[in-house]
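Everything below concerns the one structure shown next.
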Amino acid sequence: MNEPSEVSQRVRQQYEDAPFPPVSAFPVRSEVDRVWLYSFPEVYYHAFGQWRDPARARLLDAGCGTGMGVQQIRHLAPGAEVHACDLSNASLRVAGQRIEALNQGPVSFHQMDLLDLSALPGTFDAIFCSGVVHHTGDPVLALRQLKSKLKPDGVLYLMLYSRFGRRPTMLMRRVLQLLEADVPLGRQLFAALPKDHFLARWEYETKGSHNLTHREWFIDTYLNAQEKNYSIGEVFSDLGEAGLRFVRFAHPQWWELQNRLQAPPEIVRRFAALPEQQRYELMENLFSDQEEYYFLATHSEYQPAEPVRDPARWTAIRSSFARNRGLQADGGSLWQGYYGMGLSVDAYFEALVEGCDGRQSVRDMCAAWNRRHPQDPPELSQAVLFQMERQGVLFFKEIP
Ligand SMILES: C[S@@+](CC[C@H](N)C(=O)[O-])C[C@H]1O[C@@H](n2cnc3c(N)ncnc32)[C@H](O)[C@@H]1O
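Taking our numbering, the leading residue of the sequence shown gets 24, the next gets one more, and so forth.
Encoded structure:
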């Protein structure tokens with residue numbers, strides 16, 4: 024194992040002293056919060072359009088902190104072999120308590136520097152690395168290390184800070200750096216700011232004061248020993264240097280101009296003609312309201328085959344994250360997929376969506392629905408299912 028860098032030592036010291044996320048905000052308990060990005064089957068499906076059996080998967084949470092992610096990874100991938108690593112022993116201890124409380128199988132914990140990840144045996148079908156790479160002294164090396172541990176057809180979930188959406192945090196962080204402030208002095212500065220000051224409003228209104236309430240959160244946000252904030256250009260360039268390829272954002276709708284703006288057709292046309300990276304660049308400059316980039320990546324050289332979905336061989340499953348928000352006035356229901364946009368399903372189609380339980384083939388499900396609604400074109404039901412899939416309400420699985 025290599026000697027940890029000076030930055031890794033400082034970062035480790037910080038998270039030994041102030042494990043994140045703080046237990047004061049997220050106590051250890053046996054239920055888990057659930058975010059689809061920690062569900063291996065769904066992340067894999069939405070990266071490559073293919074189903075992978077979780078029971079056969081090897082999964083890693085790299086930089087697991089106090090374990091809010093790894094307990095979900097464990098919970099949502101029954102039978103998988105799950106590993107987690109972090110620099111901070113104090114954080115690993117809490118993460119271990121969460122896994123014990125969950126009681127759904129083991130997790131192997133490793134005290135380890137991301138920059139030295141090659142010391143970990145084996146490779147993984149998925150690596151989850153949320154809010155970690157930007158705290159290392161060498162993000163490109165960290166990404167290279169992650170790549171070296173990813174199977175050739177593996178998926179990498181990353182969250183990186185945005186320099187656009189995080190501008191208020193970056194400004195306050197710099198102010199506190201110049202003042203060589205600690206937590207009490209930082210809190211005093213906030214208390215001295217007029218309530219309508221833009222940095223005070225950011226903390227009180229947008230953040231709900233959680234940085235002020237929890238000492239560990241204040242340190243993580245405003246006094247972090249190391250952080251890099253990314254533009255889209257920098258995300259793509261660091262990934263490229265590390266031999267990784269951007270696959271998709273977790274919330275693709277946010278990055279589509281038409282979903283955010285009633286833009287004139289000529290602007291929509293020019294937007295659509297831009298290369299992918301430039302479309303994202305345009306969106307971050309125009310809106311600047313994403314604090315963090317959540318996305319999936321893989322090896323640059325991995326090009327998965329286009330999935331061929333044979334309705335007779337595929338079945339549809341309602342995502343465990345899709346929410347039915349209840350009845351609407353017309354008797355239909357409003358569903359919400361995990362991309363955050365609501366999708367209205369009228370009473371006709373409700374039974375079709377409700378019936379997606381992974382047992383019948385798409386062909387049989389649609390045929391049964393079509394028999395009940397002979398007045399509608401037969402291809403409509405299948406089109407609805409594919410639309411629900413694009414919204415993250417459903418995903419498909421080949422029948423074994
Ligand atoms: C902001 S926390 C995120 C924790 C967790 N991933 C989450 O989303 O809740 C950052 C974590 O990364 C860990 N970390 C930072 N640099 C690291 C490195 N070089 N190697 C391993 N872990 C590191 C810290 O110890 C800390 O637990």
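Note that beta-carbon positions come from the ideal geometry of N, C-alpha and C, so glycine has one too.
(request) Run the CB neighbour count on residue 247, radius 10 Å, all protein chains shown included, and call it buried at 16 or more, exposed below. (result) buried
(request) Report the partner residues of residue 340 according to the DSSP bridge assignment. (result) 380, 418
(request) Determine which residues share a DSSP beta bridge with residue 212 and list them. (result) Residue 212 pairs with nothing; no bridge assigned.
(message) Counting C-beta neighbours from all protein chains within 10 Å, is the total for residue 244 16 or more, i.e. buried, or is it exposed?
(response) Label assigned to residue 244: buried.
(message) Please output, in chain order, the residues near ligand 1 using a CB cut-off of less than 6 Å to any non-hydrogen atom of the ligand.
(response) Near ligand 1, meaning a beta-carbon closer than 6 Å to one of its heavy atoms, we find 31, 34, 38, 43, 44, 86, 87, 88, 91, 92, 109, 110, 111, 114, 136, 137, 138, 153, 154, 155, 158, 159, 243.
(request) Thinking residue 305 and residue 297 are a contact (beta carbons under 8 Å), I'd like their distance in whole angstroms, please. (result) 7 Å
(request) Take residue 223 and list the residues in its own chain whose beta-carbon comes closer than 8 Å to its own, dropping the five residues that flank it on each side. (result) Hits under 8 Å: 213, 216, 217.
(message) If you follow the beta strand (DSSP E) that residue 327 is in, where does it begin and where does it stop?
(response) Careful: residue 327 lies outside any beta strand (DSSP E) and carries neither H nor E.
(message) Could you tell me the alpha carbon to alpha carbon distance between residue 336 and residue 68, rounded to whole angstroms?
(response) 16 Å
(message) For residue 276 and residue 299, I'd like the C-alpha separation in whole angstroms.
(response) 14 Å
(request) Quick one: using the 10 Å Cβ neighbour count with 16 as the cut-off for buried, is residue 141 buried or exposed? (result) exposed
(message) Using 8 Å as the threshold, is the C-beta distance between residue 269 and residue 262 below it?
(response) Yes, the Cβ-Cβ distance between residue 269 and residue 262 is below 8 Å.
(request) Check whether the Cβ atoms of residue 70 and residue 167 lie closer than 8 Å to each other. (result) No, they are not a contact pair.
(message) Helix, strand or coil for residue 265? Go by DSSP, reduced to three states.
(response) In the structure shown, residue 265 sits in coil (DSSP, three-state: anything other than H, G, I, E or B).
(request) Indicate the three-state DSSP secondary structure (helix, strand or coil) for residue 271 in the structure shown. (result) strand
(request) Throw me the rounded Cβ distance for the residue 319 and residue 66 pair, which I believe falls under 8 Å. (result) 7 Å
(message) Please tell me whether residue 53 and residue 124 are closer than 8 Å, where the distance is taken between their beta carbons.
(response) yes
(message) What does the alpha-carbon distance come out to for the pair residue 290 and residue 171?
(response) 41 Å
(request) In angstroms with no decimal places, state the Cα-to-Cα distance between residue 381 and residue 111. (result) 41 Å
(request) Please report the residue range of the alpha helix (DSSP H) in which residue 203 lies. (result) For residue 203, no alpha helix (DSSP H) run applies, since DSSP gives it neither H nor E.
(message) For residue 153, report the span of its beta strand (DSSP E) as first-last.
(response) 147–153
(message) Closest to residue 151 by C-alpha separation, out of 160, 122, 163, 183, would be which residue?
(response) 183
(request) Would you list the residues sitting across from residue 424 in a DSSP beta bridge? (result) What the structure shows of the chain is the stretch from 24 to 423, and residue 424 is not part of that stretch, so it cannot be assessed.
(message) Looking at chain C, is there any beta carbon in it that lies within less than 8 Å of the beta carbon of residue 114?
(response) Considering every chain present, this structure includes no chain C. It has just one protein chain.
(request) Report yes if the CB atom of residue 164 is closer than 8 Å to the CB atom of residue 134, and no otherwise. (result) Contact flag unset, no.
(message) How far does the beta strand (DSSP E) with residue 106 in it extend, from its first residue to its last?
(response) 104–109 is the extent of the beta strand (DSSP E) around residue 106.
(message) Taking a contact to mean a Cβ-Cβ separation below 8 Å, would you say residue 15 touches residue 99 in this structure?
(response) No statement about residue 15 is possible, as the shown extent of the chain runs from 24 to 423 and does not include it.
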